[in-house]
Amino acid sequence: MKVTRHILLLGFGLAYVYPFLWALGSSLKTPMDFLDSGLSLIPAEMRWENYAKAWDQASFGTYFVNTLVISLVTVVFTLLLTAMAGYALARHTFPGRKTLLFVIGATFLLPHGYTIIPVFDIVKALGLLDTIWSVILVQVGGGLVFGTFMFMAYFQAMPKELEEAARVDGAGYNTLFFRVILPLSRPMAATLGLFTFIGSWNNFFLPLVFTLGKPELRTLGVGLYAFTSQTSTNWTLLCAAAIISLAPIVVVFVVAQRYVVDAIAGAVKA
1 MKVTRHILLL GFGLAYVYPF LWALGSSLKT PMDFLDSGLS LIPAEMRWEN
51 YAKAWDQASF GTYFVNTLVI SLVTVVFTLL LTAMAGYALA RHTFPGRKTL
101 LFVIGATFLL PHGYTIIPVF DIVKALGLLD TIWSVILVQV GGGLVFGTFM
151 FMAYFQAMPK ELEEAARVDG AGYNTLFFRV ILPLSRPMAA TLGLFTFIGS
201 WNNFFLPLVF TLGKPELRTL GVGLYAFTSQ TSTNWTLLCA AAIISLAPIV
251 VVFVVAQRYV VDAIAGAVKA
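Under full-length UniProt numbering, the residues of the sequence shown are numbered 1 to 270, in order.
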């Protein structure tokens, strides 16, 4: 039974990994080798210059910086706001708390298609259209509900004795939150930060809509789409460009994986 389970898991794993390996191998091939090799993973000749060509031709340097700035700032604002909101809802009772939770939860059920037009009008009225801040603020707003509920559940499971001990030692509210609560919530922060970073990095629709008038503000996703229309027949460069846009996500996931496992297991580390 264990052997069968392991074989099935291996098969599913290969099915998920193969497209990435195929794209990686294809990014190192010549155009002729790509057409002749079919589904082969190993190129006949390593062409590392494909990455340099894709980087230069697609202006990926600018797009990479734009995507990195948007993703990092989105993560910072999302974590800070959702941690404070989640802690307040987990530890404090006040009139209308249940109603507020219901309203927050109801907004999570709204399809994004229903909100994009009023959000666009608000961004335009604020004069933020065709700026990086328009993408950042909309992404932060979109992640507040999910992040708040995640932190609220995490803080509710955290022993109150830790906070009481800090108060006995003379810790004020700000000291308690930033010096005690936040460090203890590192696993959850890493998990939510990872999800937020990946979602922001892969976001195609919002950067396309809110920075349409300024090509220099394109993110990697939008830049990759534009590059596809420019080099629709050069699949090796397209694969190289796709690997470039994917590599940072893999690195971030490997670094944050330990904290993600801790958060899923419900660990609370001192």
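Just so you know, even glycine gets a beta-carbon here, dropped at the ideal spot from N, CA and C.
Note that this is a predicted model, so its numbers are computed, not measured.
Please confirm whether residue i and residue j have their CB atoms less than 8 Å apart.
i: THR196; j: ASN66; result: no
i: ARG167; j: LEU176; result: yes
i: VAL75; j: ILE132; result: no
i: ALA23; j: ALA165; result: no
i: LEU224; j: LYS53; result: no
i: ILE249; j: TRP201; result: yes
i: LEU206; j: ASP130; result: no
i: PHE20; j: SER134; result: no
i: GLU163; j: VAL180; result: yes
i: PRO31; j: ASN174; result: no
i: PHE34; j: ILE244; result: no
i: MET158; j: LEU184; result: yes
Between which residues of its own chain and residue i is the CB-CB distance below 7 Å, once the five residues before and five after are set aside?
i: VAL119; result: VAL138
i: ILE42; result: GLY25
i: LEU208; result: VAL222
i: ASN50; result: SER27, LEU28, THR236, LEU237, ALA240
i: THR62; result: GLU216
Among the residues of its own chain, which have a CB less than 6 Å from the CB of residue i, if the five just before and after it don't count?
i: LEU79; result: ALA189, GLY193
i: VAL3; result: none
i: ALA270; result: The pLDDT assigned to ALA270 is 40, lower than 50, so where the model puts this residue is not dependable; a value taken from the coordinates is nonetheless given after this. Taken in chain order, the list of residues that qualify is empty.
i: CYS239; result: ALA23, SER26, SER27
i: GLY147; result: THR78, THR82, LEU192
i: GLY213; result: ASP130
i: GLY13; result: none
i: PHE178; result: none
i: SER71; result: PHE197, SER200, TRP201
Going by beta carbon distance, what residues of the same chain come within less than 8 Å of residue i, once the five residues before and after it are set aside?
i: VAL140; result: THR74, PHE77, THR78, LEU81
i: LEU144; result: THR78, LEU81, THR82, ALA85
i: VAL255; result: none
Exercise. For the stretch 182-198 and the stretch 82-89, state whether three or more C-beta atom pairs, one from each stretch, are separated by less than 8 Å.
Key: yes
Quiz item: Which runs of the alpha helix (DSSP H) fall wholly inside the stretch 155-207 and span at least 4 residues, in chain order?
Solution: 160-168, 186-202
Practice problem: Answer yes if the stretch 44-55 comes into contact with the stretch 102-112, meaning at least three C-beta pairs across the two stretches below 8 Å, and no otherwise. | Solution: no
Exercise. May I ask you to verify whether the stretch 87-96 touches the stretch 150-162, counting CB pairs closer than 8 Å and requiring at least 3?
Key: yes
Practice problem: Could I get the ranges of all uninterrupted alpha helix (DSSP H) runs contained in the stretch 70-151, with 4 residues as the minimum, in chain order? | Solution: 97-108, 112-125
Practice problem: Output the residue ranges of the alpha helix (DSSP H) runs that lie fully inside the stretch 214-246 and measure 4 residues or longer, sorted by chain position. | Solution: 220-230
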